[in-house]
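See structure below.
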Amino acid sequence: MAIKHGLGRGLDALIKDGTSQARAQPAPAAPAAAAPAPLPSEFTKIPVDRIRNNPWQPRTVFDTEALSGLASSIREQGVLEPLLVRKIGNEFELISGQRRLMASREAGLKEIPVRILTASDQASLEMTLVENIQRENLSVLEEAQGYQVLSEKFTMTQEQISARVGKSRAAVANALRILSLPPEVKGLMSAERISAGHAKVLLSLQVPQEQILFANRVVKENLSVRNLEKLIERVLRAPRKPRVSKEDIPANHINYLADKLHAHYGTSVRLAPCRTLANGKKARGTIEIDFYSNDDLTRILEVMGVTVG
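What follows is the structure, encoded as structure tokens:
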């Protein structure tokens, strides 16, 4: 049987709050044998090839075997829960029902039942997120990426996001923090080599290289989340050896150069020399030149020989 879940209280609330339903035409009559149950009058049928995928769909991984099973069910029973779409020009853009759309294409359906809504980009993303969260279809990374779009593109606060998707603010914040992990660690998450629980523990490490190192240890040693916690706790408790480094330019020469630059530019100049670390790597040096107005900046640039046109 095709999936028959209802829209859910959260998604239904978003439909009422963030969208208005477009007037739908009655579905064309069909032979009794072709439709196991009549569609509600608020739904209509449209050609499958007029529906384009949702660009805000956070879900990127779909079980091909499960899709094939759903396609077989749709061939026999049809689509029992209409898709949510919005009209974009002469086409329709999917809001909710990605799996049903993919399976209907695989099943060779020409038409599919839909509910047509008028929805903004933000409302479309919110409804897509809520549907997937309610059905537990999203990985932690996919969920976090959806929150990130709401935050960055639609300038929503974490409190606003939590209210819209029905999650606590702490859950939203923790999901977003996972996006700060290095790509190598997120790749292991996507491949399901490490869990979201492992990722949250890795966030206690401040150095990306250490996060990658311990993520790889989880894979190689098959560490549980608890074992990883204990391992990292021991590392964080252990006293760290101070990094030994040396300045590449003696301090007295740095002071001499700073005085020369001060006289040349007529303003305060600070120099910090390059440093050679214990591992042989170089730490960069810096030079800071003060200016006190736009005219002062122009004057300094002219001394440097920089033409501002």
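Here our numbering is used: the first residue of the sequence shown is 238, the next is one more, and so on.
In this text, a Cβ means the ideal position worked out from N, Cα and C, and glycines have one as well.
Values in this document were obtained by computation on a predicted structure and should not be read as measured data.
Kindly indicate which three-state DSSP category Leu508 falls into: helix, strand or coil? Position 271 of the sequence shown, counted from the start, is the residue given in the question as residue 508. Strand, per DSSP.
Alpha helix (DSSP H) containing Ala408: first to last residue? Position 171 of the sequence shown, counting from 1, holds the residue named residue 408. Unbroken alpha helix (DSSP H) run through Ala408: 406 to 415.
Alpha-carbon to alpha-carbon, Thr394 and Ser505: Position 268 of the sequence shown holds residue 505. Position 157 of the sequence shown holds residue 394. Distance between the alpha carbons of Ser505 and Thr394 is about 41 Å.
Would Val455 and Glu379 be called neighbours here (beta carbons separated by less than 9 Å)? One-based indexing of the sequence shown puts residue 455 at position 218. One-based indexing of the sequence shown puts residue 379 at position 142. No, they are not a contact pair.
Lys423: first and last residue of the uninterrupted beta strand (DSSP E) it sits in: Residue numbering aside, residue 423 sits at position 186 when the sequence shown is read from its first letter. Lys423 -> not in any beta strand (DSSP E); alpha helix (DSSP H) instead, spanning 420 to 427.
Alpha-carbon spacing of Ser305 relative to Leu317, whole angstroms: By one-based count along the sequence shown, residue 305 stands at place 68. By one-based count along the sequence shown, residue 317 stands at place 80. For Ser305 and Leu317, the gap between their C-alpha atoms comes out near 16 Å.
Alpha carbon to alpha carbon, how far is Leu307 from Gly345? Give it in angstroms, no decimals. Residue mapping note: residue 345 aligns to position 108 of the sequence shown, counting from 1. Residue mapping note: residue 307 aligns to position 70 of the sequence shown, counting from 1. Going by the C-alpha atoms only, they are around 12 Å apart.
For Leu362, does the count of other Cβ atoms within 10 angstroms reach 16, so buried, or fall short, so exposed? What you label residue 362 is simply residue 125 of the sequence shown in a count that begins at 1. Buried is the call here.
Go through its chain and collect everything with a Cβ distance to Ala509's Cβ below 6 Å, but skip five positions before and after it. Residue numbering aside, residue 509 sits at position 272 when the sequence shown is read from its first letter. So the list reads Gly522, Thr523, once near-sequence residues are dropped.
Own chain, CB closer than 7 Å to Val285, minus 5 neighbours either side, in chain order: Translated into the one-based positions of the sequence shown, residue 285 becomes position 48. Only Ser341, Arg342, Leu346, Lys347, Glu348, Ile349 meet the Cβ criterion.
Inter-residue spacing [alpha-carbon to alpha-carbon] between Ile283 and Thr355: Here residue 283 refers to the residue found at position 46 when the sequence shown is read from its first residue. Here residue 355 refers to the residue found at position 118 when the sequence shown is read from its first residue. C-alpha separation (whole angstroms): 16 Å.
Could you check whether Gln359 and Leu387 sit closer than 9 Å to each other, using their CB atoms as the reference points? The sequence position of residue 387 within the sequence shown is 150, counting from 1. The sequence position of residue 359 within the sequence shown is 122, counting from 1. Result yes, Cβ atoms of Leu387 and Gln359 sit closer than 9 Å.
Smallest Cα separation from Leu473: which of Leu442, Asn464, Gln448, Ala452? Indexing the sequence shown from 1 puts residue 473 at position 236. It is Leu442 whose Cα lies nearest to the Cα of Leu473.
Let me know the secondary structure DSSP gives Phe451 once reduced to three states. Here residue 451 corresponds to residue number 214 of the sequence shown, with the count starting at 1. It is helical.
Can you tell me the Cα-Cα spacing of Glu421 and Glu396, whole angstroms? To locate residue 421, count along the sequence shown from 1; it is residue 184. To locate residue 396, count along the sequence shown from 1; it is residue 159. The straight-line gap from Cα to Cα measures roughly 30 Å.
Let me know the secondary structure DSSP gives Asp527 once reduced to three states. Residue 527 sits at position 290 when you count from the first residue of the sequence shown. Correct three-state label for Asp527: coil.
Taking the runs of the beta strand (DSSP E) that are 3 residues or longer, which of them lie wholly in the stretch 321 to 403? Given a length threshold of 3 residues, each whole run of the beta strand (DSSP E) inside the stretch 321 to 403 is given here in chain order: 328 to 333, 348 to 356.
CB contact flag (Trp293, Thr392, <9 Å): The residue you call residue 293 lines up with position 56 of the sequence shown. The residue you call residue 392 lines up with position 155 of the sequence shown. In this structure, Thr392 does not lie closer than 9 Å to Trp293 by Cβ.
So, helix, strand or coil for Leu439, using DSSP? Your numbering for residue 439 matches position 202 in the sequence shown. Correct three-state label for Leu439: helix.
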